[in-house]
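What follows is a set of notes on a single structure, which appears directly below.
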Amino acid sequence: MSERKIFSLVFVRKATEILLGLKKRGFGKDKWNGFGGKIEPGESILQGAVRELKEECGLSAQELKKTGILEFEFEGNEILLEVHVFETYKYSGEVTESEEMRPKWYNLKDIPFTQMWADDKYWFPYMLQGELFKGYFLYRGQDLILKHNIETMEELPAVDHLS
């Protein structure tokens with residue numbers, strides 16, 4: 001039985017733009033991504049998503065809509081990463097660079113997939129079209145996908161335990 005770690009991933013959206021962050025250090029360094037990270041003990045996935053967004057780019061989400069669940073395995077690693085993907089069009093604050101991330105707005109036509117995780121190009125289209133999805137990716141290293149599977153969902157399992 002492999003250990004499972006829970007993460008959040010938040011995408012801030014406008015009608016034709018998406019806010020991405022360039023990871024400046026740590027896992028996934030030099031890749032563009034959404035904002036998020038590990039859920040801390042005692043916080044719900046939603047609370048973790050809101051906290052990480054604020055820490056990484058200075059924005060406060062007024063509303064988060066869950067769009068997908070992604071599972072990642074890395075060859076030779078027992079830990080399964082379970083990533084809960086959210087998007088928001090409702091937020092406040094100023095976009096600010098943090099120690100971890102350099103945020104930048106991208107037109108939806110110009111998303112820099114070649115500088116992102118290899119899996120993003122597989123599931124982004126579902127998110128951008130507003131479809132709910134569940135995906136699984138097995139990586140060798142941080143660039144090679146050995147196998148993957150994506151399916152659209154009628155609804156996503158509820159995960160929020162707001163206490």
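Numbering (full-length UniProt numbering), first residue to last: 1 to 163.
Cβ coordinates follow ideal geometry from the N, Cα and C atoms, glycine included.
If we call anything under 8 Å between Cβ atoms a contact, is residue i one with residue j?
i	j	result
S106	E17	Sequence check: residue 106 is Tyr here, not Ser. Cβ distance < 8 Å, so Y106 and E17 count as in contact.
K38	K5	yes
G93	S44	no
G68	M127	yes
T96	V12	no
I79	E3	yes
Considering residue i, what are the terminal residues of the alpha helix (DSSP H) in which it resides?
i	result
P41	Element bounds for P41: n/a, residue is neither H nor E.
G48	45–57
P103	Segment 101–107 is the beta strand (DSSP E) holding P103; no alpha helix (DSSP H) there.
L128	120–128
So, is residue i buried or exposed, given that buried needs 16 or more other C-beta atoms within 10 angstroms?
i	result
T114	exposed
S8	buried
A49	buried
E56	buried
residue 171	Look at the range of the chain in this structure, 1 to 163, and you will see that residue 171 is not part of it.
T152	exposed
K109	exposed
F27	exposed
K147	exposed
G130	exposed
K66	buried
G36	buried
G34	buried
Please work out which residues of its chain come closer than 7 Å, Cβ to Cβ, to residue i, disregarding the five sequence neighbours upstream and downstream, and give them in chain order.
i	result
D120	F113
H161	At H161 the pLDDT is 41, less than 50, meaning the model places this residue with poor confidence; the figure from the coordinates comes in the next sentence. Contacts found: S44.
K31	K23, Q115, M116, W117
residue 164	Past the boundaries of the shown model lies residue 164; the chain is included only from 1 to 163, so the question cannot be answered.
D143	A118
E40	G48
At what residues does the beta strand (DSSP E) containing residue i begin and finish?
i	result
F137	132–140
I147	First, the residue type needs correcting, since residue 147 is Lys and not Ile in the sequence shown. From DSSP, the beta strand (DSSP E) with K147 extends over 144–153.
G21	17–23
V12	4–13
V85	80–88
Suppose the cutoff is 6 Å on Cβ atoms and the five residues either side in sequence are ignored; what does the same chain contact list for residue i look like?
i	result
L70	V83, G135
E73	L80, L138
V85	L9, T67, G68
Is it a yes or a no for the stretch 95–108 touching the stretch 21–28, going by three-plus beta-carbon pairs under 8 Å?
Segment contact: the stretch 95–108 against the stretch 21–28, three or more CB-CB distances shorter than 8 Å; contact assigned.
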